[in-house]
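Residue numbers (our numbering), protein chains in the order written: chain A, 1 to 250; chain B, 251 to 500; chain C, 501 to 750. Ideal Cβ placement from N, Cα and C applies to all residues, glycine included. Quantities reported herein were computed from a predicted structural model and do not represent experimental measurements. Below: the structure, in structure tokens.
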Amino acid sequence: MIAALTTDFGLSSPYVAQMKAVLLAAVPDVRLVDVTHDLPPQSLRHAEVVLRAAAFAFPLGTVHLVVVDPGVGTERRPIAVRSRGLTFVGPDNGVLGIALEQPDAKAVVLDRPELFRHPVSPTFHGRDIFAPVAAVLGKGLALEDVGSAITDAVPSRLPKLRREGGRSYGETLVADSFGNLLTNIPGAFVKGAVIVAGKSARLVRTYHEGAQGEILALTGSDGYLEIAVRDSSAATVLGGEILPVECESP
Amino acid sequence: MIAALTTDFGLSSPYVAQMKAVLLAAVPDVRLVDVTHDLPPQSLRHAEVVLRAAAFAFPLGTVHLVVVDPGVGTERRPIAVRSRGLTFVGPDNGVLGIALEQPDAKAVVLDRPELFRHPVSPTFHGRDIFAPVAAVLGKGLALEDVGSAITDAVPSRLPKLRREGGRSYGETLVADSFGNLLTNIPGAFVKGAVIVAGKSARLVRTYHEGAQGEILALTGSDGYLEIAVRDSSAATVLGGEILPVECESP
Amino acid sequence: MIAALTTDFGLSSPYVAQMKAVLLAAVPDVRLVDVTHDLPPQSLRHAEVVLRAAAFAFPLGTVHLVVVDPGVGTERRPIAVRSRGLTFVGPDNGVLGIALEQPDAKAVVLDRPELFRHPVSPTFHGRDIFAPVAAVLGKGLALEDVGSAITDAVPSRLPKLRREGGRSYGETLVADSFGNLLTNIPGAFVKGAVIVAGKSARLVRTYHEGAQGEILALTGSDGYLEIAVRDSSAATVLGGEILPVECESP
Chain A
1 MIAALTTDFG LSSPYVAQMK AVLLAAVPDV RLVDVTHDLP PQSLRHAEVV LRAAAFAFPL
61 GTVHLVVVDP GVGTERRPIA VRSRGLTFVG PDNGVLGIAL EQPDAKAVVL DRPELFRHPV
121 SPTFHGRDIF APVAAVLGKG LALEDVGSAI TDAVPSRLPK LRREGGRSYG ETLVADSFGN
181 LLTNIPGAFV KGAVIVAGKS ARLVRTYHEG AQGEILALTG SDGYLEIAVR DSSAATVLGG
241 EILPVECESP
Chain B
251 MIAALTTDFG LSSPYVAQMK AVLLAAVPDV RLVDVTHDLP PQSLRHAEVV LRAAAFAFPL
311 GTVHLVVVDP GVGTERRPIA VRSRGLTFVG PDNGVLGIAL EQPDAKAVVL DRPELFRHPV
371 SPTFHGRDIF APVAAVLGKG LALEDVGSAI TDAVPSRLPK LRREGGRSYG ETLVADSFGN
431 LLTNIPGAFV KGAVIVAGKS ARLVRTYHEG AQGEILALTG SDGYLEIAVR DSSAATVLGG
491 EILPVECESP
Chain C
501 MIAALTTDFG LSSPYVAQMK AVLLAAVPDV RLVDVTHDLP PQSLRHAEVV LRAAAFAFPL
561 GTVHLVVVDP GVGTERRPIA VRSRGLTFVG PDNGVLGIAL EQPDAKAVVL DRPELFRHPV
621 SPTFHGRDIF APVAAVLGKG LALEDVGSAI TDAVPSRLPK LRREGGRSYG ETLVADSFGN
681 LLTNIPGAFV KGAVIVAGKS ARLVRTYHEG AQGEILALTG SDGYLEIAVR DSSAATVLGG
741 EILPVECESP
């Protein structure tokens, strides 16, 4: 079993280790893979962008444990989703949107407390609900064995693209560690001039075209339009992480 | 063998990788688990809080390699501790306090240089003493095979709780990545009003009770009283990480 | 197969996970070891210093996947290097200098596109070229099976030591997480007084000698001269990460 972990727990807290310990105790040969634990606290947006790019690259059978959970302890439901041969476990707050969007997605609410670690802390469902359920799913339990089917799971909260009059109107979502801005416009929708925060961006293929300091637009490695500035940080040059982007579309 | 690593080496230095390489060379099937490497440099306090929460969640047989070692190269002793089915290896500076406090704890000073990696760098015992000894302990060597028994290991340096007149007087120890403040008062000792840094905190069960910006007190996932501020960082609102806390006790 | 990963991708982006997913899919029993992903973006210097200290500590057969790649998408070549029983895969920009410097080093340019992941993103060769090639090398392919031999790979860009008139003239290269400054002067070349940025440093064996705040010079755990300040950060006290260092040499 591969357990891929995506959280906003940070790298200096004990929370990641506690989840890993629960998984190791339940599945001695689990393969733990950190997707990231360093998301901005409670940023569903960052979590969704990371999962959009990385989740389905993992081998079939991988269980994604996703804990960005500002609503822990409230009525928000704990859920599990199966789609495209992968399993996702996490809170029902939209963070599993990419899994739910797949045509074959099936979701359940985790309503079998006998599968949880007890006592369940009202502030740490990652350790007490999500990790134990991920473990039994990884060991082969069927989705219907861990909860009751639902069809109203909270969808992705990423802003939707608007297409109108041969143009696409979208948004930059997050900056990566190089300051490149990832957007919600699929590369296939980009034909002509790209405008970001009112400024023209030159359509290129790699970060190295154009002049130093020039604003560039290219299809990023996750298949979406990406805004970069040659030898610099687009987030810094453009003054933000969330900016309007528009372009001509085919 | 599971080797769980807790250090203050940071995430961009070569030191973590060097320790892992030594473990991998000695125990090809070692399972390396990062507890954290991002503790504030030389903060025994942060290390102790992380271990207090996470150490005993790991499966029996786990070897915890703990290297927060401001005294490396001085007379401070290298030690190993066994308690509750786990093994701990690290400097004798209090950082292994949680292991030493267990009723069945046994400790040895690591005085068998033939087990070390040579030459032993005077500045990196993590690589040259702790990792090699952790490896042989993980492979099954008895505690008495790696050193001589001691009974005077340095205990935890976390501040002790004071109980007096039906009240408990403690301290916030560290902030987690959300700004929640973890304390040294067990949740079971908290009955009535909690006062932190002279301000009243409302006793709740989850982070979502109370009004926005209200100071909250709850039993955290590690079983200790925790101070939070709804939708904000308690550390920021209260202006510090180390603050006096008191409460009525049963 | 051990795959040791060294990148500047940062800890909150999806890029590390994407590379790991490719490796896991290609080599189900791969052992993934993070050397670091938190190098300053595009700092070949930091990457080289980390590899200088850690690369050859790994067990024979380890494949080092090194992706600090400011020139991705340009004409810079993707290469693989074998030396001292280890394999290195990464861009031909000097970052693999330590591997190329070994007397038995052999290098190839990765010119077999049938081994790549397609379509190859022009901005993410780590996922689409380096990881897939690392996987087949780890599974046993010979170096000559993944590319054509070259003898003109870009060497290390770390500044070279100058020796003159019984003195060595070098440089501090990077600060570690404690603020200690690592240099390019081998410890064996240091005999007498050390001068860093015009200031005298006292030659000691450990960080604890000398008075508080005193500038210290010692042989670090990687075998090179290191500059430290007792109970403080040398980088802060001396005001920089890259400073001239000189000393008497035997």
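Against histidine 564 (chain C), chain B offers no close residue; the least beta-carbon distance is about 10 Å (beta-carbon pairs closer than 7 Å).
If you draw a straight line from the Cα of alanine 399 (chain B) to the Cα of glutamate 298 (chain B), it is about 23 Å long.
The beta carbon of phenylalanine 9 (chain A) sits closer than 9 Å to some beta carbon of chain B.
Beta-carbon to beta-carbon, leucine 301 (chain B) and isoleucine 329 (chain B) are separated by about 14 Å, too far to satisfy the 8 Å threshold. Proline 91 (chain A) and valine 35 (chain A) have their alpha carbons spaced roughly 17 Å apart.
Per DSSP, reduced to three states, the secondary structure at lysine 356 (chain B) is strand.
Look at threonine 486 (chain B): its C-beta is not under 9 Å from any C-beta on chain A. Below the 9 Å Cβ cutoff, chain A contributes Ser121, Thr123 and Phe124 as neighbours of glycine 470 (chain B), in chain order. In the three-state reduction of the DSSP assignment, histidine 208 (chain A) falls in the coil class. When DSSP reads this structure, arginine 281 (chain B) sits in a beta bridge with B:Ile252. By the Cβ test, the segment 630–639 of chain C is not in contact with the segment 685–693 of chain C, since fewer than three Cβ pairs between them sit closer than 8 Å. Contact between tyrosine 419 (chain B) and glutamate 491 (chain B) fails: their C-beta atoms lie close to 18 Å from each other, not under 8 Å. Setting aside the 5 residues that flank it on each side, arginine 417 (chain B) is surrounded in the same chain by Glu496, Cys497, Glu498 and Ser499, each with a C-beta closer than 8 Å to its C-beta; the list follows chain order.
Against chain C, the beta carbon of threonine 324 (chain B) has neighbours under 8 Å at Thr706 and His708, listed in chain order.
Proline 494 (chain B) and alanine 485 (chain B) have their alpha carbons spaced roughly 13 Å apart. For aspartate 628 (chain C), at least one C-beta of chain A is nearer than 9 Å to its own C-beta. Identification of residues in the segment 8–33 of chain A having a C-beta nearer than 8 Å to some C-beta of chain B yields Asp8, Phe9, Gly10, Leu11, Ser12, Ser13, Pro14, Tyr15, Val16, Ala17, Gln18, Lys20, Ala21, Val22, Leu24, Ala25, Pro28 and Leu32, given in sequence order. Proximity to aspartate 426 (chain B) across B:Leu488, B:Ala467 and B:His296 peaks at B:His296, based on C-alpha coordinates. With a cut-off of 8 Å on Cβ pairs, the segment 5–16 of chain A is in contact with the segment 37–45 of chain A, counting three or more such pairs. Contact with chain A is absent for glycine 638 (chain C), since none of that chain's Cβ atoms lies less than 9 Å from the residue's Cβ.
According to the DSSP assignment, histidine 118 (chain A) belongs to no alpha helix (DSSP H), since it is labelled neither H nor E.
Taking every protein chain shown into account, the CB of leucine 203 (chain A) has 16 or more other CB atoms within 10 angstroms, so this residue is buried. Listed along chain C, no residue sits closer than 7 Å to serine 83 (chain A) by beta-carbon distance, the nearest being about 16 Å off. In the displayed model, histidine 46 (chain A) falls within a helix according to three-state DSSP.
Taking every protein chain shown into account, the CB of lysine 660 (chain C) has fewer than 16 other CB atoms within 10 angstroms, so this residue is exposed.
For the pair of segments examined, the segment 224–239 of chain A was found not to touch the segment 251–264 of chain B: the number of CB pairs separated by less than 8 Å stays below three. For histidine 46 (chain A), the chain C residues whose Cβ falls inside 9 Å of its Cβ are Ser512, in order along the chain.
As computed with DSSP, lysine 449 (chain B) is found in a beta bridge with B:Val446. Within the same chain, and ignoring the five residues on either side of arginine 117 (chain A) in sequence, the residues whose Cβ sits closer than 6 Å to its Cβ are Asp128 and Pro132.
Residue range 78–83 is occupied by the beta strand (DSSP E) that includes isoleucine 79 (chain A).
Where leucine 524 (chain C) is concerned, the enclosing alpha helix (DSSP H) starts and stops at 515–526. Cβ-Cβ distances below 7 Å link valine 386 (chain B) to Leu365 and Val396 in the same chain, with the five nearest sequence neighbours on each side left out; the list follows chain order. Rounded to the nearest whole angstrom, the CA to CA distance from asparagine 434 (chain B) to threonine 469 (chain B) is 11 Å. Close to chain C, meaning a Cβ-Cβ distance shorter than 7 Å, are the following residues of the segment 175–201 of chain A: Asp176, Ser177 and Phe178.
Distance check between serine 221 (chain A) and each of C:Leu505, C:Ala553 and C:Val572 places C:Val572 closest, using alpha-carbon atoms only.
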